[in-house]
Structures are given as C-alpha cells and as structure tokens.
Amino acid sequence: MDHCEHNIRERAYILWERDGRAMGRDEHYWTLAEQELRAAAPAVEEAPRTVAKPRAKAAPKPPSKAAAAVKAAPRRRRAAAEGLAVS
Numbered sequence: 437m438d439h440c441e442h443n444i445r446e447r448a449y450i451l452w453e454r455d456g457r458a459m460g461r462d463e464h465y466w467t468l469a470e471q472e473l474r475a476a477a478p479a480v481e482e483a484p485r486t487v488a489k490p491r492a493k494a495a496p497k498p499p500s501k502a503a504a505a506v507k508a509a510p511r512r513r514r515a516a517a518e519g520l521a522v523s
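Going by my numbering, the first residue of the sequence shown is number 437, and it counts up by one from there.
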C-alpha cells in the first residue's frame with residue numbers, strides 16, 4: 437500500500453466514525469477523503485521553501501589551565517622518572 441492510499445484510508449475511517457459508522461457507505465467516505473486530501477496537497481506544495489544560512493565559525497577557545505596541566509603532565513613524569521633513575 438502506498439503512502440497516498442494509506443492517508444486516504446485513515447481519513448475515510450475518521451469521516452466514517454464521525455458520521456456514526458454508517459454501513460454500506462465506504463465508497464462515499466473514500467471519495468470524500470480523496471477530495472479533502474487532494475485539496476490540501478497543493479497548499480503544502482505551494483509553501484515557500486527557505487534555505488538555511490550557513491553559520492559563521494566560532495573562534496577557537498584558548499586551552500584552559502586544566503588542559504595545559506594535562507599536556508604538561510608527561511614532561512613532569514619523564515623528569516621524575518629520570519630523576520629516580522639517576523639517583
């Protein structure tokens with residue numbers, strides 16, 4: 437079942453329930469649903485399409501003190517290890 441038929445089926449069911457579930461009027465509700473959906477379809481297609489503007493790139497943030505400490509840690513460990521090995 438394609439998407440269009442599914443939408444018609446759902447709309448016809450809603451119309452049928454709204455009118456008290458009258459038996460033997462399935463073609464009537466199907467036709468009403470088709471007409472409603474076709475009338476609504478051009479309104480959706482005519483909506484203007486907007487194009488998103490690209491955002492400007494943010495300036496890079498300077499590294500925080502914590503980040504600088506993490507980067508400096510290996511040097512301290514290396515120096516400490518060399519100091520222990522030399523002693």
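A virtual CB, placed ideally from N, CA and C, is assigned to each residue, including glycine.
Relative to the Cα of Asn443, the nearest Cα in the group Arg491, Arg474, Gly456 belongs to Arg474. In this chain, Arg461 is not harboured by any alpha helix (DSSP H), its DSSP state being neither H nor E.
For Arg447, the enclosing alpha helix (DSSP H) covers residues 439-454. Non-local C-beta neighbours of Glu472 in its own chain, meaning closer than 7 Å and more than five positions away in sequence, comprise Arg447, ordered along the chain.
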